[in-house]
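Numbering (numbering that gives the first Met the number 0), first residue to last: 0 to 147.
Ideal Cβ positions, reconstructed from N, Cα and C, are used throughout, including at glycine.
Everything below concerns the one structure shown next.
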Amino acid sequence: MNRRIKRKEARVDRLAERLRRQSRKVTGPRQSILEILRRDSHPLSIREIFQALPEGEGDLATVYRSMHLLEKMGMVKRFHFGHGGARFELLAEGDDGHHHHLVCTQCSQIVEIDECFPESLQDKIAARNGFKAVTHKLEFFGLCPRCQ
Ligand SMILES: [Zn+2]
Ligand SMILES: [Zn+2]
Ligand SMILES: [Zn+2]
0 MNRRIKRKEA RVDRLAERLR RQSRKVTGPR QSILEILRRD SHPLSIREIF
50 QALPEGEGDL ATVYRSMHLL EKMGMVKRFH FGHGGARFEL LAEGDDGHHH
100 HLVCTQCSQI VEIDECFPES LQDKIAARNG FKAVTHKLEF FGLCPRCQ
């Protein structure tokens, strides 16, 4: 089984339990937002989350505030794909959410990637520059099969 599927299962199992534990803070729109993120395996933009939100559960500003809080609580992870602003994914408990994406520059389709930048190469870069505790953020861009 690949990491992506495991990640998805972990977050589905544990979401209800986490919501119970943190229920005082996860109310109304925040709960709906987590449910929206749970249903989708790809990172969603603030606007997409807002559009999926049941009517009357909040405006765009509510979604902005909620994402900020959920990020601070460690329940969502923020990704950046250049233009188009931040996108968010639900974070499985105990998972740092480290993974990468392949983004179509034409239609903005996003593919979840299991491969990671080789640790040996990262260690080499760290050692050569005298750095410690090096990590990375990395997204790939190209043309998807449909857009070629
Ligand atoms: Zn495309
Ligand atoms: Zn992802
Ligand atoms: Zn990586």
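At a cut-off of 8 angstroms, is Leu101 close to ligand 3 when judged by its beta-carbon and the heavy atoms of the ligand? no
Under a Cβ-count criterion, where at least 16 other Cβ atoms within 10 Å of its own Cβ denotes burial, should Lys123 be classed as buried or exposed? exposed
Ile109 and Leu69: beta carbons closer than 9 angstroms? no
Helix, strand or coil for Leu137 per DSSP? coil
Find out if the Cβ-Cβ distance for the pair Leu137, Glu88 is shorter than 9 angstroms. no
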